[in-house]
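Those letters in the sequence shown? Residues 123 to 325, per our numbering, in order.
Step one of this worksheet: look at the structure below.
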Amino acid sequence: MKLICIGRNYTKHIEELENEKPKEPVVFIKPDTAILLKNQPFFIPDFSNDLHHEVEVLVKINKVGKHISKKFANKYYNEIGLGIDFTARDLQKQLKEKGLPWEKAKSFDGAAVIGNWMQKSKLHDLDNLNFKLFKNDECVQTGNTSHMLWKIDDLIEYISKYFTLKIGDVIFTGTPAGVGKVIANDILTGYLEGNQLFSIKVK
Ligand code: ZN
Numbered sequence: 123m124k125l126i127c128i129g130r131n132y133t134k135h136i137e138e139l140e141n142e143k144p145k146e147p148v149v150f151i152k153p154d155t156a157i158l159l160k161n162q163p164f165f166i167p168d169f170s171n172d173l174h175h176e177v178e179v180l181v182k183i184n185k186v187g188k189h190i191s192k193k194f195a196n197k198y199y200n201e202i203g204l205g206i207d208f209t210a211r212d213l214q215k216q217l218k219e220k221g222l223p224w225e226k227a228k229s230f231d232g233a234a235v236i237g238n239w240m241q242k243s244k245l246h247d248l249d250n251l252n253f254k255l256f257k258n259d260e261c262v263q264t265g266n267t268s269h270m271l272w273k274i275d276d277l278i279e280y281i282s283k284y285f286t287l288k289i290g291d292v293i294f295t296g297t298p299a300g301v302g303k304v305i306a307n308d309i310l311t312g313y314l315e316g317n318q319l320f321s322i323k324v325k
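Put into structure tokens, the structure is as follows:
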């Protein structure tokens with residue numbers, strides 16, 4: 123399986139990193155080796171001194187599809203989750219400046235947290251989901267899916283033009299503003315519509 127990640131999907135996050143607003147979604151892939159194993163701590167890799175959290179709403183694909191049109195996209199997922207797209211911001215900055223791919227900064231082992239899943243039928247409106255990330259006792263990121271430039275079904279249509287979606291693939295839908303550095307002993311806890319879906323210790 124693969125993780126398909128969307129960059130620059132929330133205006134305020136685009137502004138905080140001084141990026142340009144894209145005309146199309148920014149897409150990158152993480153391999154399955156990037157998934158942080160359940161109940162394991164996240165180890166800050168030794169190649170970064172500026173490791174950032176990015177909390178994101180996740181979508182789990184439950185049907186194989188290619189060239190999925192937006193109006194049928196909702197048939198390709200039943201579960202919504204929350205996770206973290208860990209990013210070595212210092213390395214990403216160097217790579218971006220050289221116009222090189224981001225993978226080393228975002229797709230290393232452990233760089234993808236996938237929390238518990240919720241049935242989409244339990245969530246009233248997928249385009250109006252509140253989510254939060256706490257670092258220790260402080261709320262560092264809050265988001266609402268209504269602020270996404272491309273909504274879940276738009277993303278599935280767009281991504282499936284390029285990549286066949288397979289059962290178990292996970293879409294990371296982009297992070298809202300408030301990304302920031304993590305250090306050893308931080309505890310990161312994520313909530314979707316008030317439900318705690320993960321809690322990760324940083325080492
Ligand atoms: Zn991200």
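Don't be surprised by glycine CBs; every beta carbon is placed ideally from N, CA and C.
Since the model is a prediction, treat every value here as computed from it, not as a measurement.
The three-state secondary structure of ASN307, taken from DSSP, is coil. By the CB criterion at 9 Å, ASP308 and LYS257 fall inside the cutoff.
Cβ-Cβ distances below 8 Å link ASP172 to ALA210, ARG211, ASP212, LYS303 in the same chain, with the five nearest sequence neighbours on each side left out; the list follows chain order.
If you look at THR264, you'll find it in the beta strand (DSSP E) that goes 260-266. Assigned with DSSP and collapsed to three states, ASP249 falls in helix.
Looking at the DSSP output, MET240 bridges to ILE202. Residues of the same chain with a CB within less than 7 Å of the CB of ASN200, apart from the 5 flanking positions on each side, are ASN184, GLN241, LYS242 in chain order. Chain-ordered, the residues whose CB falls short of 5 Å from any heavy atom of ligand 1 come out as GLU176, ASP207, THR297. DSSP lists no beta-bridge partner residue for MET123. The three-state secondary structure of PHE230, taken from DSSP, is coil. Straight across, the Cα-Cα distance linking VAL301 with LYS193 is about 32 Å. The alpha-carbon separation between LEU251 and HIS175 amounts to approximately 19 Å.
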